[in-house]
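To keep things clear, I will list the structure first and then write my remarks on it.
Protein chains in written order, with the working numbering: chain A, 1 to 346; chain B, 347 to 964.
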């Protein structure tokens, strides 16, 4: 174990821990755009800088390993000045449209700018030319003008999803994130939206017609029902309607979802969706109550008792594993039939 | 094939006499013609000169060989033709004059005086190279073969004791080789000045596959040291990299050279092929266990690829973007293997250190910066070109003696070292010595060897803006301070030169520069503000003049010039009036001239032409 002091507080952490994480253990949140436990270190946003006694330079805490007796200051005057300049530089090249930006309320640039008193009127002049949005994907679009080039989207796509559809183009001030050939299909993008999930600003946003504010929603933790992996996700609900699905980083999926989990939720509010059981009457399926449906099943079972092969059970992939398990158990043990199937043909 | 020391020495003996004859040490009664075929002289058709010389020699049936050599350094006077062993130095030779040189000098044994160099101080024609002041004070180690041997001949390289250092190294243990390099005090010539031997020992202590790399991605504006060495003495680099490979335990090397150096690439390729054919690259070199081979990788011209981690990324096929250190390449470099990267000039001196010993090298230069340094001397000096001087020489000696002083009697203002990462030094520093540590103390840096002299026609704010413009173009865009910060600095400087800045902006500028310096990811960003900070340190008055008086005394910043005005210093020489493109200057001979303001287009022709500095901008 290594002992060090951060902002006057002594802490003991394991070897090879970064200063950023050690600080987090103390409840000190060091700002960062590009750091993510799941991804390789890019150390490019330079926001997580700290002052270490005995060193003139400001050091990035995301890749700085703790050392015995280290004395770290995350809030010194020098750090705050550098942070404010850094954020002001980013802000100078960023469109001032928080009022109509869908990321507002969940935007890290907005939060840090508030914390470090960045003026709304840019004090620097940086950006040369605006770069057009890339809207080739069905589910999300890239707005390079709002991009701070933290590279999380690029890294999650190649390192976690294993696709590598995104990359940097051009150099210096003209750098922007895009698909190869600027088209999502050509790049092999699988539309999983993991890039959208990790974006700290409004550069990667879902295409949506829903108007909602991020502080005016409820988040409901649930398990994805599309397959057996059990991805954890949060349904973002606005006025009783699901408007977005966020990946949950605590689940075994570690913040990743596939295109179905992330984007295939419109069926919930679809007009064709069944909301009651259907019972065939006079050769036609009609809406019924659950009591009616159970009564019908009971009646048919008693009628054909002993001829187990007359029954077929068909279940849905929308049900959970547990529900499907019980369903087949009932058919095999109670109805004594193996005629049972499922629509999951993923 | 050379498979043993005996075979190498046999080959050495075969060409040694020819080389000694060329040096004038023995007399074989045989003349040779050396023509610079470096990129500089080649752009003045020196290849055609070679062809014409050969043709004329053949016509006259003379027994004289013509050799295309690397750069002779005195680029200002190119194309250069030398007759050996006479040591006659012909400058600015035209294609049409080749034949005359052959008939006059080689046939009739008369000096072709028309093309001799004229010493600007004595106005006398100088016959021999050794009497040219430009070459005084120079000590050529890295450049020893540049301009002296045929750069496309392995035999000539071997004739100058080439590959003997490699052979000698293979008889020592790798640790002993590293010890020699360490003891020599050699520091990295790419700009960082890190002790080379120490760096090698880091990689030596690691195990597994290792690589040795040569950084020839020279990118500083105006610098061409690496290019000239590759063009003039490519075998020295191959030999040194093989020695390095043996010392650290690497069996493969890459030379990363920019594609804009086609001639250097061609010469190096020829050299690699020759070395391979002689068995000096490949399996079991000199019959030992040591095997080593190498290849060239072309860069696409990004300045940032000179940064070692970006260079490695580029060789691996990734975007040329730097990575954070640690891990250092010596521990985890190319394809995650321990890797050593040295600059071309560093490699160029290594065979000499091995052959002559660490003590020999240590005697040259200063205590903490041993050896010599090659500089590309440019800007407003009379003699521009490539020079190699011992560390510890004063700036004055370089500029006034080797460089011949500032052009056309203008006034020396500053000298820039270290290119876009360096800074400026003023006339108060002329007697300062040049070595790694002193230049850093003075707020500049050694850098890779660009040295640009400025006179009173140069505006220091404009110079800072020029370098920042270069950096804005060359920043890779990875980290925020460099990507956005340098653009913001550039805009602030542009505001100053346009007369739109306030004193408060100057404070913000300095603050921003310090932030970019202290928080950027790689060396490029960390040093990018240096030209601004050092001009602010030594020429703050000029910044204040731009801001408070809205005036650029050097007459460079167009945004601040609304009028050209002739003061009563005018001697009435009529030079301005004669050359004015819009004829807006009136005045009789020997009388005060006047500019008609409404007609003047502010082209500043008169301003730069006036011999007495009577014309001012305002």
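Just so it is clear, CB atoms sit at the ideal spot from N, CA and C, and this is done for glycine as well.
Determine the direct distance from the alpha carbon of residue j to that of residue i, and round the result to whole angstroms.
{"i": "residue 154/A", "j": "residue 753/B", "result": "53 Å"}
{"i": "residue 31/A", "j": "residue 61/A", "result": "10 Å"}
{"i": "residue 428/B", "j": "residue 446/B", "result": "14 Å"}
{"i": "residue 58/A", "j": "residue 861/B", "result": "9 Å"}
{"i": "residue 398/B", "j": "residue 746/B", "result": "36 Å"}
{"i": "residue 903/B", "j": "residue 42/A", "result": "40 Å"}
{"i": "residue 318/A", "j": "residue 600/B", "result": "57 Å"}
{"i": "residue 530/B", "j": "residue 712/B", "result": "12 Å"}
{"i": "residue 94/A", "j": "residue 146/A", "result": "6 Å"}
{"i": "residue 740/B", "j": "residue 641/B", "result": "39 Å"}
{"i": "residue 409/B", "j": "residue 643/B", "result": "40 Å"}
{"i": "residue 624/B", "j": "residue 363/B", "result": "21 Å"}
{"i": "residue 13/A", "j": "residue 655/B", "result": "31 Å"}
{"i": "residue 597/B", "j": "residue 637/B", "result": "6 Å"}
{"i": "residue 590/B", "j": "residue 652/B", "result": "20 Å"}
{"i": "residue 402/B", "j": "residue 449/B", "result": "8 Å"}
{"i": "residue 499/B", "j": "residue 617/B", "result": "8 Å"}
{"i": "residue 829/B", "j": "residue 173/A", "result": "6 Å"}
{"i": "residue 782/B", "j": "residue 537/B", "result": "9 Å"}
{"i": "residue 882/B", "j": "residue 588/B", "result": "45 Å"}
{"i": "residue 432/B", "j": "residue 477/B", "result": "13 Å"}
{"i": "residue 613/B", "j": "residue 605/B", "result": "13 Å"}
Can you check whether the CB of residue j is closer than 8 Å to the CB of residue i?
{"i": "residue 737/B", "j": "residue 715/B", "result": "yes"}
{"i": "residue 532/B", "j": "residue 700/B", "result": "no"}
{"i": "residue 901/B", "j": "residue 824/B", "result": "no"}
{"i": "residue 765/B", "j": "residue 794/B", "result": "yes"}
{"i": "residue 853/B", "j": "residue 797/B", "result": "no"}
{"i": "residue 485/B", "j": "residue 710/B", "result": "yes"}
{"i": "residue 916/B", "j": "residue 960/B", "result": "yes"}
{"i": "residue 289/B", "j": "residue 577/B", "result": "Since the first residue shown for chain B is 347 and the last is 964, residue 289/B is missing from the structure and cannot be characterised."}
{"i": "residue 109/A", "j": "residue 83/A", "result": "no"}
{"i": "residue 453/B", "j": "residue 406/B", "result": "yes"}
{"i": "residue 527/B", "j": "residue 546/B", "result": "yes"}
{"i": "residue 165/A", "j": "residue 188/A", "result": "yes"}
Quick check on DSSP: helix, strand or coil for residue i?
{"i": "residue 720/B", "result": "strand"}
{"i": "residue 116/A", "result": "coil"}
{"i": "residue 445/B", "result": "helix"}
{"i": "residue 315/A", "result": "strand"}
{"i": "residue 569/B", "result": "coil"}
{"i": "residue 684/B", "result": "coil"}
{"i": "residue 854/B", "result": "helix"}
{"i": "residue 321/A", "result": "helix"}
{"i": "residue 608/B", "result": "helix"}
{"i": "residue 804/B", "result": "coil"}
{"i": "residue 619/B", "result": "helix"}
{"i": "residue 877/B", "result": "helix"}
{"i": "residue 780/B", "result": "coil"}
Is it the case that the CB of residue i approaches a heavy atom of the ligand ZN more closely than 7 Å?
{"i": "residue 178/A", "result": "No copy of the ligand ZN appears in this structure; indeed no ligand is present at all."}
**Request:** Anything in the region 818-833 of chain B with a Cβ closer than 9 Å to a Cβ of chain A? List those residues in chain order, please.
**Result:** 818, 819, 820, 821, 822, 823, 824, 825, 826, 827, 828, 829, 830, 831, 832 and 833
**Item:** chain B contacts from the region 43-57 of chain A (Cβ-Cβ distance under 9 Å)
**Value:** Listed by position along the chain: 43, 44, 45, 46, 47, 49, 56 and 57.
**Item:** Touching by the beta-carbon criterion (3+ pairs, under 8 Å), the region 831-846 of chain B and the region 808-819 of chain B
**Value:** yes
**Request:** Could you list the residues in the region 150-170 of chain A with a C-beta less than 7 Å from some C-beta on chain B, going in chain order?
**Result:** 168
**Residues, ordered as in the chain, of the region 433-447 of chain B that lie near chain A by beta-carbon distance below 8 Å** = Here the close residues number zero.
**Prompt:** Taking any Cβ of chain A, which residues in the region 662-684 of chain B have a Cβ under 7 Å from it, in chain order?
**Reply:** Taking 7 Å as the Cβ-Cβ cut-off, the region 662-684 of chain B approaches chain A at 665 and 670, given in chain order.
**Item:** Residues from the region 83-106 of chain A in contact with chain B, defined by Cβ distance under 8 Å
**Value:** 85, 86, 89, 90, 92 and 93
**Item:** Contact residues within the region 855-880 of chain B, judged by C-beta distance below 8 Å to chain A
**Value:** Those residues of the region 855-880 of chain B that come within reach of chain A (Cβ to Cβ, closer than 8 Å) are 857, 858, 861, 864, 865, 866 and 867.
**Asked** If we count Cβ pairs, one from each stretch, closer than 8 Å, do we get three or more for the region 461-469 of chain B versus the region 500-512 of chain B?
**Response** no
**Members of the region 833-845 of chain B near chain A, C-beta cut-off 7 Å** = 833, 834 and 837
**Asked** Counting Cβ pairs closer than 8 Å, one from the region 412-425 of chain B and one from the region 376-390 of chain B, do we hit at least three?
**Response** Judged by pairs of C-beta atoms under 8 Å, the region 412-425 of chain B touches the region 376-390 of chain B, as three or more such pairs exist.
**Message:** Short of 7 Å Cβ to Cβ, which residues in the region 170-203 of chain A face chain B?
**Reply:** 171, 172, 173 and 175
**Request:** Taking only beta carbons into account, state which residues of the region 203-223 of chain A come closer than 9 Å to chain B, listed in chain order.
**Result:** none
**Prompt:** Does the pairing of the region 255-262 of chain A with the region 230-247 of chain A give three or more beta-carbon distances under 8 Å?
**Reply:** yes
**Message:** Which residues of the region 1-28 of chain A have a Cβ closer than 9 Å to any Cβ of chain B? Give them in chain order.
**Reply:** none
**Asked** Is it true that the region 831-838 of chain B meets the region 122-137 of chain A, where meeting means three or more beta-carbon pairs spaced less than 8 Å apart?
**Response** yes
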